[in-house]
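Asks: Sharing a structure here in structure tokens format.
Residue numbers (the working numbering): 135 to 459.
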């Protein structure tokens, strides 16, 4: 019993000192201040709207978290998802494809596009930042060429419920998807060889290769998963809106990076996890929702989020220095 209490005490001490916990406390404080100021933050409608939005940020950031843990980055995660959801939208509206089949194909497309990023990065030994930035522009360009800048409307009701409805009128379905994904990814990262390889490569790729880790294969799979997760997030957003918008996801890449770093994932790789990412996503969602709730111009959101990005990077830099000592 004493040993159990000691272990629990150490874990709690580690948790309270983490970046994610600090972000969580700041988020709680911010919501309390907003509620006191407006008197309506903690209403059932606002909570449902807020958690639905936060769930989306969580999902898109999970994919980025995997890349950062592996000492990589995916600037195309949003445009990959947007391109995939465009194809799925056409399948649903123009070709009347069965929703389950369309969604399954969407997951496969996102996975494939992500794996192409991974293959180019690993086989050609190119910088992930450059490759995924190029992919982002290519994917986004394809969207504009195909749609000619026009939205795709008429998404059928037999799929929009995924993004719009709530379980028992209390829990948004997107939040359920986010929680399930978090549990699965957390288990994979902690208890599987693939998860351990991700951390090992992020910590020191050369050392990981020496001990037998297939660095190239792991990295390709990480980018493939990032692409598939981006597809999941984008499809949920399309189902929520009931239409595909050509500008879908144009700011999501930065949002996903910010949420991951605020949640304690190091941009240098090897440190962090998806659980912390939840707290980072909650903070970003809180700020975005607060700006709308208080009637502040949406232009301020870009300024605030930009400031948060700088703070997140600064926190990551300080943490990196501490780890190196």
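By construction, the Cβ of each residue, glycine as well, lies at the ideal position given by its N, Cα and C atoms.
Suppose you measure from the CA of residue 142 to the CA of residue 455; what does that come to, to the nearest Å?
Replies: No answer about residue 142 holds up, because its pLDDT of 46 lies below 50 and its placement is not dependable.
Asks: In chain order, what residues of the same chain lie with their CB nearer than 8 Å to the CB of residue 328, ignoring the 5 residues before and after it?
Replies: 322, 352, 355.
Asks: Which ranges does the alpha helix (DSSP H) cover as unbroken runs of at least 4 residues, wholly within the segment 333-371, from first to last along the chain?
Replies: Within the segment 333-371, the complete alpha helix (DSSP H) runs of at least 4 residues are 339-344.
Asks: Identify, in the order they occur along the chain, each residue of the same chain with its Cβ nearer than 8 Å to the Cβ of residue 207, setting aside the five sequence neighbours on each side.
Replies: The answer, listed in chain order, is 198, 201, 262, 263, 266, 391, 401.
Asks: Measuring CB to CB, does residue 315 end up less than 7 Å from residue 158?
Replies: Not in contact: residue 315 and residue 158 (Cβ atoms no closer than 7 Å).
Asks: Starting from the C-beta of residue 453, find all residues in its chain whose C-beta is less than 6 Å away, skip the five residues before and the five after it, and write them out in chain order.
Replies: Excluding residues within five positions, none has a Cβ falling inside 6 Å.
Asks: For residue 256, count neighbouring Cβ atoms within 10 angstroms of its own Cβ and tell me buried if that reaches 16, exposed if not.
Replies: Counting Cβ neighbours within 10 Å, residue 256 comes out buried, since at least 16 surround it.
Asks: Would you mind sorting residue 448 into buried or exposed? The rule is 16 or more other CB atoms within 10 Å of its CB.
Replies: Answer is exposed; the Cβ neighbour count stays below 16.
Asks: To which residues of the same chain is residue 416 closer than 6 Å at the C-beta, ignoring the five residues directly before and after it?
Replies: So the list reads 161, 188, once near-sequence residues are dropped.
Asks: Residues in the same chain with beta-carbon distance under 7 Å from residue 403, minus the five sequence neighbours each way, listed in chain order, please.
Replies: Excluding residues within five positions, the ones whose Cβ falls inside 7 Å are 202, 203, 204, 205, 336, 337.
Asks: Are there three or more Cβ pairs, one per stretch, closer than 8 Å when the segment 434-448 is compared with the segment 379-399?
Replies: Counting Cβ pairs under 8 Å, three or more are found: they touch.
Asks: Do the CB positions of residue 210 and residue 269 come within less than 7 Å of each other?
Replies: Contact: yes.
Asks: Taking the alpha-carbon positions, what's the residue 222 to residue 369 distance?
Replies: Rounded to the nearest angstrom, the two C-alpha atoms are 8 Å apart.
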